[in-house]
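Quick mapping for you: the protein sequence lines, in order, are chains A and B.
Using the numbering used here, you'd call the opening residue of the first sequence number 68 and step up by one each time.
Using the numbering used here, you'd call the opening residue of the second sequence number 68 and step up by one each time.
See structure below.
Protein chains: 2
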Amino acid sequence: MIAEIIAAGSEMLTPYRQDTNSLYLTEQLNDLGVQVAFKTIVGDNLEHLTGAARNAISRADIVIFSGGLGPTEDDLTREAAAAALGVEVRRDPSLLAEMYKRYAARKMVMPPNNAKQADVIEGATVLANANGSAPGQFLETTIGGYRKIVILLPGPPGELKPMFAQVVKPMLAAALPPQHLARRTLRMALIPESQVDARTAPIYKEFTDVETTILAGHGEIQLHFVASKTTLYEAQGRVDELTGLVEAEMEDAIFSSHGENLEEVVLLMMGLRHLTLAAAESCTGGLLASRLTAVPGSSRYFLGGAVVYSDALKTTFAGVPAELVATEGPVSEPVAKALAEGIRARTGASFGISITGIAGPTPGTGPDAEKPIGLVYIALADGSQTRVKELNLLGNRDRIRWWASQHALELIRVTLLESQAF
Amino acid sequence: MIAEIIAAGSEMLTPYRQDTNSLYLTEQLNDLGVQVAFKTIVGDNLEHLTGAARNAISRADIVIFSGGLGPTEDDLTREAAAAALGVEVRRDPSLLAEMYKRYAARKMVMPPNNAKQADVIEGATVLANANGSAPGQFLETTIGGYRKIVILLPGPPGELKPMFAQVVKPMLAAALPPQHLARRTLRMALIPESQVDARTAPIYKEFTDVETTILAGHGEIQLHFVASKTTLYEAQGRVDELTGLVEAEMEDAIFSSHGENLEEVVLLMMGLRHLTLAAAESCTGGLLASRLTAVPGSSRYFLGGAVVYSDALKTTFAGVPAELVATEGPVSEPVAKALAEGIRARTGASFGISITGIAGPTPGTGPDAEKPIGLVYIALADGSQTRVKELNLLGNRDRIRWWASQHALELIRVTLLESQAF
Chain A
68 MIAEIIAAGS EMLTPYRQDT NSLYLTEQLN DLGVQVAFKT IVGDNLEHLT
118 GAARNAISRA DIVIFSGGLG PTEDDLTREA AAAALGVEVR RDPSLLAEMY
168 KRYAARKMVM PPNNAKQADV IEGATVLANA NGSAPGQFLE TTIGGYRKIV
218 ILLPGPPGEL KPMFAQVVKP MLAAALPPQH LARRTLRMAL IPESQVDART
268 APIYKEFTDV ETTILAGHGE IQLHFVASKT TLYEAQGRVD ELTGLVEAEM
318 EDAIFSSHGE NLEEVVLLMM GLRHLTLAAA ESCTGGLLAS RLTAVPGSSR
368 YFLGGAVVYS DALKTTFAGV PAELVATEGP VSEPVAKALA EGIRARTGAS
418 FGISITGIAG PTPGTGPDAE KPIGLVYIAL ADGSQTRVKE LNLLGNRDRI
468 RWWASQHALE LIRVTLLESQ AF
Chain B
68 MIAEIIAAGS EMLTPYRQDT NSLYLTEQLN DLGVQVAFKT IVGDNLEHLT
118 GAARNAISRA DIVIFSGGLG PTEDDLTREA AAAALGVEVR RDPSLLAEMY
168 KRYAARKMVM PPNNAKQADV IEGATVLANA NGSAPGQFLE TTIGGYRKIV
218 ILLPGPPGEL KPMFAQVVKP MLAAALPPQH LARRTLRMAL IPESQVDART
268 APIYKEFTDV ETTILAGHGE IQLHFVASKT TLYEAQGRVD ELTGLVEAEM
318 EDAIFSSHGE NLEEVVLLMM GLRHLTLAAA ESCTGGLLAS RLTAVPGSSR
368 YFLGGAVVYS DALKTTFAGV PAELVATEGP VSEPVAKALA EGIRARTGAS
418 FGISITGIAG PTPGTGPDAE KPIGLVYIAL ADGSQTRVKE LNLLGNRDRI
468 RWWASQHALE LIRVTLLESQ AF
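Below you can see the structure in the form of structure tokens.
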């Protein structure tokens, strides 16, 4: 049972915009045990769209269209799908009456174009749109002896997602053999993909009934496990068994196994131990604080801190002696240490974390002039001791800043894990 | 002349990954006067890939494959493209010799699988890959009386992009009628799309030879103009003429017309006037500072500031009287004003900007308990006066934080534009 997703809309054939609905739809279809085999993106052109629909109906069992259900001339999905199926569209009088009523209730006259949104493919069920004016459509039919399901959904994600979740998913579940899907995602920071694969492949390869995907990026490795069984109990059991074995192998490298991101895990760990954190950031310039404060409820454990981008502010906000900055350079182990200790003292937080480095593209100045781009020091002070890490990061400014913030979060996590004191 | 882009790779049919090469390729093809009419994403399955290749070759003039050129069993693009074209692949002996040599130079033995990367579609030109082991291929042929160009590119963006830019683009330019393309992007912040369209449509609709796209999102509207002519002079002239008329209509609402983002423009304006800036952020928690410091060279104009997430730090870092926070609540006009003035005084910057608000999902506490989620105050102090803006932002935590930072940047920009003092 394979599916094809067709995204209709000329804007997705420009360099500026991409189809994103298909990621959501793929996850939902996978939940039902359906794999997506093709995605097609096609413009607002009747011939192109009809051709794409014809191809899709011939090669896939389930075809889902997103977009092209609006009232304008460019909205052609209804006509194209009908033509590809070899049937007509019919204007649905009750749908039309409803549309007129909705406009009348707002004391507006319906533009004549809008009547088009009442066109329904012969044999299709109309799907109510709780968040917009374009109804969806669901059609189950037989073509050349093969059973086909064709679904038309509106393009805006705010309309498509609730319509799929509330209306289409139950209809598809009823039409398909029962499948129960269990998922787990294990996340690890700052560990090479090759190392994760070398250590975990011998384990997950034994689980031929669990689909494993490794994804790497942004200083993080994710292991996705998906099992599909006739009962949820069985699917969950297989995924949990594999998770247990991989967790035993990778030990503390795994920072989360239920989807939480690294900043959420760090805040959770601080919360459990009634600890607070403050940050002094130079090269990351607020990125670490911004990541932490993006987590709802973070204000209980993250007090704030300072963006000590200029040399003078390192003294003003974290009490780093100006001579130290002048002699060692702002990107140095002693300055990182003084920043972490200083921000902790100024804020009264349990932990002070600091980041100072050369993010590029231009090199440092003064004592930092000879230091390489990508050199970063992070320090974590807890009042009794201060850990400092020297990093040599690769890549451009954005990458260096991101990885520096990732290392800072991981340093906090590992310190909390190792320490018995907290 | 239309193109189709086929991205091959099963990982792009999961909920986790998307094809991104096609955005780059679309821009490059548009430069050559070629529109992309279809994008297809297909897994590592010979039957599926061959079918997709066959469809593409029949409906498009130029077909570009990305991915599937590696040495593994899953790398099937060569075979699929050849099958769809009805020709064979031949193992190229000189390519093979080169591959052996490359391995030998590193004192390694080439795995036998790798020989597959020397397979060349009959009639195709081999494209050297300066950044990886998989060569590309370029084939010009005639099918059923129609001229077709088929191009195979490696999937990793770091290999695909330089190969296209350096090798494929000149080959395509030579094969296609000469086209010169001029582009301009006008960007505006915090203005409704409907208003931009109502004011600019009467202008751009007159320029039927300039393609106009309006994109809205993240508190910004972009107007993209593209003209394609036989000379660059002519194309540039039309785009410039339209830009001039739209600039006259929208006046100061346009913050950039050469692609710069809002933070770059703000820093540029500060630089031109030898001004410096510091920020005190509560609800945005470092997001504004992080956006500013993401710009290379920002350290000259942005000194840094404080993330005053807890009430106490508003006093510690910006000297806001604790009684003021306790009586008015941290989300209030007087606190916003005191934060902006305080951070300016502490840092010695020309301007102090502050943001304080309720980002949700939980409401404020104490005096802020009754205030609505989305209430945000921003203040800008220049030493002689302090401007304060009250905002009522919609949406979730991420959106409220982003829009608050966008309003803060726009407040600085507008203040600098209006003021004669700087």
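From the three backbone atoms N, C-alpha and C, an ideal C-beta is built for every residue, glycine too.
Annotated three-state conformation of T482(B) is helix, per DSSP. L354(B) is positioned such that its CB atom lies closer than 7 Å to that of R468(B). The stretch 348-362 of chain A makes contact with the stretch 321-335 of chain A; the number of CB pairs closer than 8 Å reaches 3 or more. Under the Cβ criterion of 7 Å, A127(A) is not counted among the residues facing chain B. Contact annotation: D86(B) and A70(B) have beta-carbon atoms that are not nearer than 7 Å.
Distance from the CA atom of A407(B) to the CA atom of M317(B), rounded to whole angstroms, is 30 Å. Its chain contains I440, N463 and R464 as the residues whose beta carbon lies nearer than 8 Å to that of P428(B), once the 5 sequence neighbours on both sides are disregarded; these appear in chain order.
Under the three-state reduction of DSSP output, S421(B) falls in the strand class. Not flagged as an interface residue toward chain A: N181(B), since no C-beta distance is shorter than 7 Å. Here DSSP, grouped into helix, strand and coil, assigns I131(A) to strand.
Per the coordinates, the alpha-carbon of Q102(B) lies some 7 Å from the alpha-carbon of L96(B).
The beta carbon of T107(B) sits closer than 7 Å to some beta carbon of chain A. Our two residues, P178(A) and F292(A), have alpha carbons roughly 50 Å apart in a direct line. Scanning its chain for C-beta atoms nearer than 8 Å, with the 5 sequence neighbours on each side dropped, one finds around T297(A) the residues P245, Q246 and H247, in chain order. Beta-bridge partners assigned by DSSP to F105(B): V109(A) and E71(B).
Take T482(B), set aside five residues on each side of it, and the residues of its chain with a beta-carbon closer than 7 Å to its own are L447 and R454, in chain order. The DSSP assignment places 369-374 as complete runs of the beta strand (DSSP E) inside the stretch 351-399 of chain B, in order along the chain (cut-off: 3 residues).
Nearest to L136(B) by C-alpha distance, out of L312(B), L152(B), L113(B) and G153(B), is L113(B).
Taking every protein chain shown into account, the CB of V176(B) has fewer than 16 other CB atoms within 10 angstroms, so this residue is exposed. Three or more Cβ pairs drawn from the stretch 343-351 of chain B and the stretch 411-422 of chain B lie within less than 8 Å of each other, which places the two stretches in contact. Residue range K236 to A242 is occupied by the alpha helix (DSSP H) that includes K236(A), with no beta strand (DSSP E) assigned at that position. Annotation for M255(B): the continuous beta strand (DSSP E) segment containing it runs H247 to A256. In the three-state reduction of the DSSP assignment, F292(B) falls in the strand class, which pools E and B.
Under the DSSP assignment, D307(B) falls outside any beta strand (DSSP E), being part of the alpha helix (DSSP H) whose first and last residues are L299 to M317.
With a minimum length of 3 residues, the unbroken runs of beta strand (DSSP E) contained wholly in the stretch 162-250 of chain A fall at 186-188, 192-194, 203-210 and 213-220. Exposure of N459(A) is indicated by the presence of fewer than 16 other C-beta atoms within 10 angstroms of its C-beta.
Listed in chain order, the non-local C-beta contacts of T310(B) below 8 Å within the same chain comprise R251, L253, F292 and S324, local neighbours out to five positions each way being set aside. Between I445(A) and A405(A) a beta carbon distance of about 13 Å is seen, past the 8 Å cut, so the two are scored as non-contacting.
Shortest Cα-Cα distance from I321(A) to any of S399(A), V263(A) and G190(A) involves V263(A). Shown here for P388(A): same chain residues with a beta carbon closer than 8 Å to its own, the five before and five after excluded, namely T382 and A405 in chain order.
Between G371(B) and V375(A), the gap from beta carbon to beta carbon is short of 7 Å.
Measuring C-alpha to C-alpha distances from G431(B) to each of S451(A), S377(A), G364(A) and L484(A) identifies G364(A) as the nearest.
Contact residues of the stretch 288-319 of chain B toward chain A are Q289 and H291 (C-beta to C-beta distance below 8 Å). Assignment of beta-bridge partners to R266(A) by DSSP yields no partner. The criterion of a C-beta distance shorter than 7 Å is satisfied by E477(A) and A256(A).
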